[in-house]
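Undergrad:
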Amino acid sequence: MDKTFQPANIETRWYEEWEAKGYFAPQGGEQAYSIMIPPPNVTGSLHMGHGFQEALMDALIRYHRMSGFNTLWQVGTDHAGIATQMLVERQLEAKGTNRHELGREKFLEKVWEWKEESGGTITRQLRRLGSSMDWSRERFTMDDGLSDAVQTVFIQLYREGLIYRGNRLVNWDPALHTAISDLEVISEEEKGFLWHFKYPLSNGEGHLTVATTRPETMLGDTAVAVHPDDERYKHLLGQTIELPLTGRQIPIIADDYVDMEFGTGCVKITPAHDFNDYDMGKRHDLPVINILDDNAAINNNAPEAYRGMDRDDARKQIVSDMDKLGLLEKVEDHTLKVPRGDRSGVVIEPYLTMQWYVDAKTLAKPAIEAVENGDIEFVPKQWENTYFSWMRDIQDWCISRQLWWGHRIPAWYDDEGNIYVGDNEAEVRSEHKLSDAVTLKQDNDVLDTWFSSALWTFSTLGWPEESEDLAIFHPSSVLVTGFDIIFFWVARMIMMTLHFRKEVPFHTVYVHGLVRDAEGQKMSKSKGNVIDPIDLIDGIALEDLVAKRTSGMMQPRLASKAEKSTRKQFPDGIDAYGTDALRFTYYSLASTGRDIKFDLGRIEGYKNFCNKIWNAARYVLMNCENEDCGLTDANDVDLTLADRWIMSKLQETKTEVAHAVANYRFDHASQALYEFIWNEYCDWYLELSKPVLWDESASEAAKRGTRQTLIRVLEECLRLLHPFMPYITEEIWQTVGPLAGKSGPTIMLQPYPVCQEQLIDTAANADTTWLKNVIIGIRNIRGEMNIAPGKELAVFLKDGDAEDKSRLEQNEVFLKKLAKLSDARWLAQGEEAPVCATALVGKLEILVPMADLIDKDAELARLAKETEKIEKDLARIQGKLSNPAFVDKAPAAVVEKEREKVTAQQQALEKLQDQAQRIREM
RNA sequence: AGGACUAUAGCUCAGUUGGUUAGAGCGCUACCUUGACAUGGUAGAGGUCCCCAGUUCGAAUCUGGGUAGUCCUACCA
Numbered sequence: 069m070d071k072t073f074q075p076a077n078i079e080t081r082w083y084e085e086w087e088a089k090g091y092f093a094p095q096g097g098e099q100a101y102s103i104m105i106p107p108p109n110v111t112g113s114l115h116m117g118h119g120f121q122e123a124l125m126d127a128l129i130r131y132h133r134m135s136g137f138n139t140l141w142q143v144g145t146d147h148a149g150i151a152t153q154m155l156v157e158r159q160l161e162a163k164g165t166n167r168h169e170l171g172r173e174k175f176l177e178k179v180w181e182w183k184e185e186s187g188g189t190i191t192r193q194l195r196r197l198g199s200s201m202d203w204s205r206e207r208f209t210m211d212d213g214l215s216d217a218v219q220t221v222f223i224q225l226y227r228e229g230l231i232y233r234g235n236r237l238v239n240w241d242p243a244l245h246t247a248i249s250d251l252e253v254i255s256e257e258e259k260g261f262l263w264h265f266k267y268p269l270s271n272g273e274g275h276l277t278v279a280t281t282r283p284e285t286m287l288g289d290t291a292v293a294v295h296p297d298d299e300r301y302k303h304l305l306g307q308t309i310e311l312p313l314t315g316r317q318i319p320i321i322a323d324d325y326v327d328m329e330f331g332t333g334c335v336k337i338t339p340a341h342d343f344n345d346y347d348m349g350k351r352h353d354l355p356v357i358n359i360l361d362d363n364a365a366i367n368n369n370a371p372e373a374y375r376g377m378d379r380d381d382a383r384k385q386i387v388s389d390m391d392k393l394g395l396l397e398k399v400e401d402h403t404l405k406v407p408r409g410d411r412s413g414v415v416i417e418p419y420l421t422m423q424w425y426v427d428a429k430t431l432a433k434p435a436i437e438a439v440e441n442g443d444i445e446f447v448p449k450q451w452e453n454t455y456f457s458w459m460r461d462i463q464d465w466c467i468s469r470q471l472w473w474g475h476r477i478p479a480w481y482d483d484e485g486n487i488y489v490g491d492n493e494a495e496v497r498s499e500h501k502l503s504d505a506v507t508l509k510q511d512n513d514v515l516d517t518w519f520s521s522a523l524w525t526f527s528t529l530g531w532p533e534e535s536e537d538l539a540i541f542h543p544s545s546v547l548v549t550g551f552d553i554i555f556f557w558v559a560r561m562i563m564m565t566l567h568f569r570k571e572v573p574f575h576t577v578y579v580h581g582l583v584r585d586a587e588g589q590k591m592s593k594s595k596g597n598v599i600d601p602i603d604l605i606d607g608i609a610l611e612d613l614v615a616k617r618t619s620g621m622m623q624p625r626l627a628s629k630a631e632k633s634t635r636k637q638f639p640d641g642i643d644a645y646g647t648d649a650l651r652f653t654y655y656s657l658a659s660t661g662r663d664i665k666f667d668l669g670r671i672e673g674y675k676n677f678c679n680k681i682w683n684a685a686r687y688v689l690m691n692c693e694n695e696d697c698g699l700t701d702a703n704d705v706d707l708t709l710a711d712r713w714i715m716s717k718l719q720e721t722k723t724e725v726a727h728a729v730a731n732y733r734f735d736h737a738s739q740a741l742y743e744f745i746w747n748e749y750c751d752w753y754l755e756l757s758k759p760v761l762w763d764e765s766a767s768e769a770a771k772r773g774t775r776q777t778l779i780r781v782l783e784e785c786l787r788l789l790h791p792f793m794p795y796i797t798e799e800i801w802q803t804v805g806p807l808a809g810k811s812g813p814t815i816m817l818q819p820y821p822v823c824q825e826q827l828i829d830t831a832a833n834a835d836t837t838w839l840k841n842v843i844i845g846i847r848n849i850r851g852e853m854n855i856a857p858g859k860e861l862a863v864f865l866k867d868g869d870a871e872d873k874s875r876l877e878q879n880e881v882f883l884k885k886l887a888k889l890s891d892a893r894w895l896a897q898g899e900e901a902p903v904c905a906t907a908l909v910g911k912l913e914i915l916v917p918m919a920d921l922i923d924k925d926a927e928l929a930r931l932a933k934e935t936e937k938i939e940k941d942l943a944r945i946q947g948k949l950s951n952p953a954f955v956d957k958a959p960a961a962v963v964e965k966e967r968e969k970v971t972a973q974q975q976a977l978e979k980l981q982d983q984a985q986r987i988r989e990m
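Sequential numbering from 69 applies to the first sequence in this note's numbering.
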């Protein structure tokens with residue numbers, strides 16, 4: 069074995085072997101356990117957030133696989149309609165062409181080509197992370213099978229009246245030329261202006277002043293509204309306004325939507341370009357005048373002067389024209405929420421178009437009930453509220469997208485505008501008995517990507533066929549996801565699955581936090597602060613990282629900012645930490661919080677942990693290989709206190725890990741393992757094994773016992789750790805497993821350790837605590853008194869009880885070795901010890917003679933520090949006990965405990981004071 | 001505007017049903033190349049548990065109010 073752990077040498081090798089041997093496939097077993105991967109964008113790449121999520125799922129999967137479940141991790145990707153189409157369009161643009169020149173069919177070929185070309189990135193990354201998904205079942209949302217599912221669902225929902233077509237205002241992305249759903253619109257505050265326009269009354273008797281943030285929409289105004297109770301304007305109701313620049317006469321109407329307090333209390337109403345105005349328009353039967361085209365330029369419904377102008381130019385022109393007419397009253401600075409497309413980043417227009425909708429309200433009802441009645445449970449629980457609040461006020465879902473990349477809507481239209489929905493044109497014709505003379509045209513649009521991913525849990529398993537996989541693995545066990553897609557995906561999956569399967573898609577939704585950078589910023593490509601998990605595994609030089617982060621950035625200003633912060637945050641680039649360290653870091657950060665700040669210090673620490681494990685294994689192998697480890701009954705085996713204690717601690721650790729995993733507290737699981745392996749097994753047990761193994765006089769049976777314990781505990785630790793650190797555990801287990809009497813080709817398929825109650829040994833725990841405290845007491849004196857670590861000490865023991873005596877007797881070897889003692893002798897009755905430094909363990913006094921190594925002042929200072937601590941504690945406890953209310957009302961056990969503390973602390977205090985006195989008298 | 005979450009050591013974070021001497025890792029200080037590991041060992045320093053009030057014998061923990069920050073939903077032209 070190498071002296072240090074070198075992850076790069078082993079990771080790929082093991083992954084290839086696991087995959088080749090088919091270990092990732094379900095292995096049978098009575099109970100099924102399945103997780104459906106949230107499908108990443110097929111042409112994208114994994115970032116730290118994905119890495120985190122995959123690590124969590126893999127831990128669950130490996131844990132349950134080892135625990136004997138019939139375990140399936142369903143893998144796959146989605147086609148990410150808008151994102152992918154945008155990317156390919158950009159590529160075409162670079163070549164000086166576009167999709168319209170290419171035509172639909174050719175364009176789609178290009179997209180498929182791009183998918184083939186870039187699709188490997190994600191799967192490569194998943195493999196590097198050690199994710200044990202069943203690759204033989206990989207699915208893609210645009211596969212034939214999944215496309216069938218999409219089509220079946222669409223047709224059935226249409227026939228049930230749960231999908232309909234409607235002409236309404238949608239969120240229109242003028243750059244991508246498609247409608248998008250409410251969820252794909254991000255509204256953020258931006259600085260803008262509030263323009264105040266005078267709208268003259270038609271009768272020439274003055275004007276009303278309206279305020280607007282979007283002057284260009286005035287061309288589509290069809291009314292001015294005031295509040296019905298507004299005394300200022302009551303007399304004007306029913307009159308009309310002469311809308312400037314258009315010459316149109318529009319009414320003054322009353323509607324209590326208007327806020328009297330805001331601005332002048334008069335609102336211009338543009339039903340075609342504002343959601344609220346649209347509703348108001350319906351209430352008042354106002355005409356709807358659309359003044360924009362698909363590009364959000366002014367169309368022919370507007371006065372000629374503005375036609376063809378881009379919306380921004382039109383805005384400037386209108387403001388200037390109004391000003392010239394003397395109708396611009398004032399302009400104020402104003403911050404407003406600007407809706408932008410989450411993909412394109414351009415300002416979204418409310419725009420009147422014909423689109424397809426899902427009746428979400430109907431589907432939501434059972435989906436709400438499923439969470440209310442506990443069929444689906446969110447972890448942490450509070451996310452259920454987020455889910456409810458959205459579901460109870462859900463809007464119909466616009467599912468058509470004016471794109472080419474996606475599932476084409478299976479609807480045909482004849483020349484009269486009749487709609488025929490069916491599997492294909494031929495079927496539609498025969499079903500509706502349409503003659504060949506009728507021309508049919510298929511809908512040009514495709515479905516929202518989320519429409520297909522909403523079917524993910526069952527479409528991946530073969531639906532609409534009633535496959536055996538469906539019967540076994542559906543509903544899935546748990547969905548692991550971020551809270552940012554509860555609405556996008558989780559809710560829609562629940563709705564669709566309940567409707568089509570009459571069962572839930574998963575029993576539990578485990579909602580994890582979002583990974584942020586060290587400054588708490590959300591990681592995003594546009595900010596240039598993303599980290600590719602592979603770069604943490606393999607490491608990356610600073611210059612490469614800077615290049616990676618700034619390449620392809622649209623705004624040079626942001627690029628230089630990204631470069632600056634990258635250089636500051638990673639002055640030396642990123643070290644190679646290996647997959648296991650990265651994964652363990654993820655687990656340690658997976659608490660219930662919403663934000664996870666990724667700190668390099670943590671991963672560094674866990675890299676060291678890997679090395680610690682590696683070296684512990686080296687030590688164990690050095691001592692156990694080619695030795696009798698007591699695995700057969702042939703020879704007697706004696707177990708020392710240390711052996712019994714570490715086995716007992718191991719059982720406690722198993723319980724802790726199981727409990728933590730059951731509650732999705734991976735931070736607790738990882739901490740329990742770290743704590744046990746480093747602070748108990750390495751720091752204490754390995755040290756305690758040395759006196760036995762290296763002591764000539766120790767019995768063979770005792771040595772066998774120690775070797776047996778060394779190897780067994782290590783082997784169990786490896787299995788316990790495997791779901792979290794797959795590579796290092798497999799590598800070491802290959803040698804350690806057989807030595808511990810285990811056989812099998814891989815640790816992956818070994819049983820996960822469970823607590824063996826009979827090995828919990830409270831007496832051994834107590835004895836070991838005592839032993840540790842004695843050793844720590846002596847070490848403390850060494851440290852504080854600056855006694856060289858190598859110098860052997862002869863100590864005296866005083867005042868102990870029978871238990872102290874027997875404990876010392878049984879553990880003298882351990883004590884001498886770990887505290888570096890040449891001797892430990894009880895003071896005889898009445899025997900005066902020389903002047904000593906003192907450590908207390910309960911009533912037992914440990915005396916380190918000060919002769920010739922003394923620093924009188926140092927010891928006095930040390931005693932003073934101890935004394936002060938105890939005095940403070942004592943004062944606190946005595947205060948409590950002198951309070952009659954406490955003594956009366958607190959449980960007797962609590963009071964008793966406090967009393968015992970007082971006694972113990974008083975005794976300790978006396979001893980320390982005695983000690984100080986003696987030293988002062990020296 | 002409504003709602004949620006967060007506030008604990010210099011940093012990143014744990015802290016179960018109220019009773020601990022409030023913990024871990026990193027960082028820091030001192031000492032140590034002892035036969036698994038210097039990616040290490042030993043010892044140590046470091047906290048007004050955001051503030052105020054309340055409940056209680058007892059509050060980091062429960063209640064109310066406040067401050068700061070983050071996020072979600074809705075939206076005022």
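For glycine and all other residues, C-beta sits at the position ideal for the given N, C-alpha and C.
Taking just the CA atoms, how far does Ala-685 sit from Ile-78?
TA: In the first sequence, counting from the first residue as 1, residue 78 sits at position 10. In the first sequence, counting from the first residue as 1, residue 685 sits at position 617. Cα to Cα, Ile-78 sits roughly 16 Å from Ala-685.
Undergrad: Near Val-781, which residues of its chain fall below 8 Å by C-beta distance, leaving aside the five closest residues on each side in sequence?
TA: What you label residue 781 is simply residue 713 of the first sequence in a count that begins at 1. If we look at Val-781 and ignore the five residues flanking it on each side, its Cβ neighbours are Ile-714, Met-715, Leu-718, Tyr-749 and Tyr-753.
Undergrad: For Lys-873, collect the residues of the same chain with a Cβ closer than 8 Å to its Cβ; drop the 5 residues on either side in sequence, then sort them by chain order.
TA: The sequence position of residue 873 within the first sequence is 805, counting from 1. The residues are Trp-894.
Undergrad: Which residues bound the beta strand (DSSP E) around Glu-252?
TA: Here residue 252 refers to the residue found at position 184 of the first sequence. Neither: Glu-252 is in no beta strand (DSSP E) and is coded neither H nor E.
Undergrad: Can you check which of these residues, Arg-635, Gln-589, Leu-626 and Pro-624, is closest to Ile-1013 by C-alpha distance?
TA: Outside the modelled stretch of the chain, which goes from 69 to 990, sits residue 1013, for which no answer is possible.
Undergrad: Less than 7 Å between the C-beta atoms of Ala-479 and Asp-511, yes or no?
TA: The count along the first sequence starts at 1 and reaches residue 479 at position 411. The count along the first sequence starts at 1 and reaches residue 511 at position 443. Closer than 7 Å, so yes.
Undergrad: Taking the C-alpha atoms as reference points, what is the distance between Asp-829 and Asp-706?
TA: Counted from its first residue, the first sequence places residue 829 at position 761. Counted from its first residue, the first sequence places residue 706 at position 638. If you draw a straight line from the Cα of Asp-829 to the Cα of Asp-706, it comes to about 16 Å.
Undergrad: Taking the straight line between their C-alpha atoms, what separation do you get for Glu-778 and Arg-850?
TA: Counting from 1 along the first sequence, the entry for residue 778 is found at position 710. Counting from 1 along the first sequence, the entry for residue 850 is found at position 782. Here residue 778 is Leu; the residue named in the question, Glu, does not match the sequence. Cα to Cα, the separation comes out at about 29 Å.
Undergrad: Could you check where the beta strand (DSSP E) with Arg-236 kicks off and where it finishes?
TA: The residue labelled residue 236 in the question sits at position 168 within the first sequence. Residues 231-241.
Undergrad: Within 8 Å, do at least three Cβ pairs link the segment 491-501 to the segment 583-597?
TA: no
Undergrad: Grouping DSSP H, G and I as helix and E and B as strand, with all else coil, what is Val-881?
TA: Residue numbering aside, residue 881 sits at position 813 when the first sequence is read from its first letter. Val-881 falls in the helix class under three-state DSSP.
Undergrad: Could you say which of Glu-310, Ala-217, Gln-423 and Asp-241 lies nearest to Met-564 if we only look at CA atoms?
TA: Translated into the one-based positions of the first sequence, residue 564 becomes position 496. The shortest C-alpha to C-alpha distance from Met-564 to any of Glu-310, Ala-217, Gln-423 and Asp-241 is the one to Ala-217.
Undergrad: Skipping 5 residues on each side, what residues in its chain have a beta carbon closer than 7 Å to that of Tyr-83?
TA: Translated into positions along the first sequence, residue 83 becomes position 15. The residues are Arg-195 and Gly-198.
Undergrad: Is the CB-CB distance between Ser-102 and Leu-140 below 7 Å?
TA: Indexing the first sequence from 1 puts residue 102 at position 34. Indexing the first sequence from 1 puts residue 140 at position 72. For Ser-102 and Leu-140, yes; Cβs fall inside 7 Å.
Undergrad: Helix or strand or just coil, what does DSSP make of Tyr-749?
TA: Here residue 749 is taken as the residue at index 681 of the first sequence, counted from 1. Helix, per DSSP.
Undergrad: What separation, rounded to the nearest whole angstrom, lies between the Cα atoms of Ala-162 and Val-577?
TA: Indexing the first sequence from 1 puts residue 162 at position 94. Indexing the first sequence from 1 puts residue 577 at position 509. Straight-line Cα distance between these residues: approximately 43 Å.
Undergrad: Mapping the DSSP letters down to three states, classify Val-804 as helix, strand or coil.
TA: The sequence position of residue 804 within the first sequence is 736, counting from 1. When secondary structure is reduced to three states using DSSP, Val-804 falls in the helix class.
Undergrad: Determine the DSSP secondary structure at Arg-408, reduced to helix, strand or coil.
TA: Mapped onto the first sequence, residue 408 falls at position 340. Taken through DSSP and simplified to helix, strand or coil, Arg-408 comes out as strand.
Undergrad: Could you tell me how far apart the beta carbons of Thr-403 and Glu-257 are, in whole angstroms, since I believe they sit closer than 8 Å?
TA: Reading the first sequence from its first residue, position 335 is the one you call residue 403. Reading the first sequence from its first residue, position 189 is the one you call residue 257. Sure, about 5 Å apart at Cβ, within 8 Å.
Undergrad: Excluding five sequence neighbours on each side, which residues of the same chain lie with their C-beta closer than 8 Å to the C-beta of Gln-981?
TA: For the purposes of this step, residue 981 is taken as residue 913 along the first sequence, with counting starting at 1. Contacts found: Thr-935.
Undergrad: Touching or not, the segment 449-467 and the segment 240-260, by the rule of three or more beta carbon pairs under 8 Å?
TA: yes
Undergrad: Can you check which of these residues, Gly-144, Arg-944, Leu-789 and Leu-786, is closest to Trp-524 by C-alpha distance?
TA: Residue numbering aside, residue 524 sits at position 456 when the first sequence is read from its first letter. Residue Gly-144 is the option with its Cα nearest to Trp-524.
Undergrad: Please report the distance separating the alpha-carbon of Glu-743 from that of Leu-613.
TA: The residue labelled residue 743 in the question sits at position 675 within the first sequence. The residue labelled residue 613 in the question sits at position 545 within the first sequence. Taking the straight line from one Cα to the other gives about 34 Å.
Undergrad: Give a yes or no on whether the C-beta atoms belonging to Glu-927 and Ala-907 are separated by under 7 Å.
TA: As a first step, residue 927 is located in the first sequence; it is residue number 859 there, counting from the start. As a first step, residue 907 is located in the first sequence; it is residue number 839 there, counting from the start. No, these two residues do not count as a Cβ contact at 7 Å.
Undergrad: Exposed or buried, Leu-547, counting other C-beta atoms within 10 Å across all chains shown (16 or more means buried)?
TA: For the purposes of this step, residue 547 is identified with residue 479 of the first sequence, where counting begins at 1. Counting Cβ neighbours within 10 Å, Leu-547 comes out buried, since at least 16 surround it.
Undergrad: Roughly how many angstroms lie between the CA atoms of Gln-623 and Ala-630, to the nearest whole one?
TA: For the purposes of this step, residue 623 is identified with residue 555 of the first sequence, where counting begins at 1. For the purposes of this step, residue 630 is identified with residue 562 of the first sequence, where counting begins at 1. Their Cα atoms are separated by approximately 11 Å.
Undergrad: Who pairs with Val-894 in a beta bridge, going by DSSP?
TA: On the first sequence, residue 894 is found 826 positions in, with the first residue counted as 1. The residue asked about is misnamed: residue 894 is Trp in this sequence, not Val. Checking the DSSP bridge columns, you'll see Trp-894 partnered with Leu-865.
Undergrad: Using three-state DSSP, classify Asp-146 as helix, strand or coil.
TA: On the first sequence, residue 146 is found 78 positions in, with the first residue counted as 1. Collapsing the DSSP output to three states places Asp-146 in a strand.
Undergrad: Since Gln-385 is in the alpha helix (DSSP H), which residue starts that stretch and which ends it?
TA: Numbered from 1 along the first sequence, position 317 holds the residue referred to as residue 385. 379-392 is the span of the alpha helix (DSSP H), which, as asked, contains Gln-385.
Undergrad: Which whole-angstrom value is the C-beta distance of Trp-86 and Thr-814, which I expect to be below 8 Å?
TA: Residue numbering aside, residue 86 sits at position 18 when the first sequence is read from its first letter. Residue numbering aside, residue 814 sits at position 746 when the first sequence is read from its first letter. 7 Å between Cβ atoms; contact.
Undergrad: Could you tell me which residues DSSP puts in a beta bridge with Ser-544?
TA: Against the first sequence, residue 544 aligns to sequence position 476. DSSP lists Phe-574 as partners of Ser-544.
Undergrad: Within a Cβ cutoff of 7 Å, which residues of the same chain sit near Ala-364, ignoring the five residues on either side of it in sequence?
TA: Position 296 of the first sequence, counted from the start, is the residue given in the question as residue 364. Result list for Ala-364: Pro-242, Arg-379 and Glu-417, in chain order.
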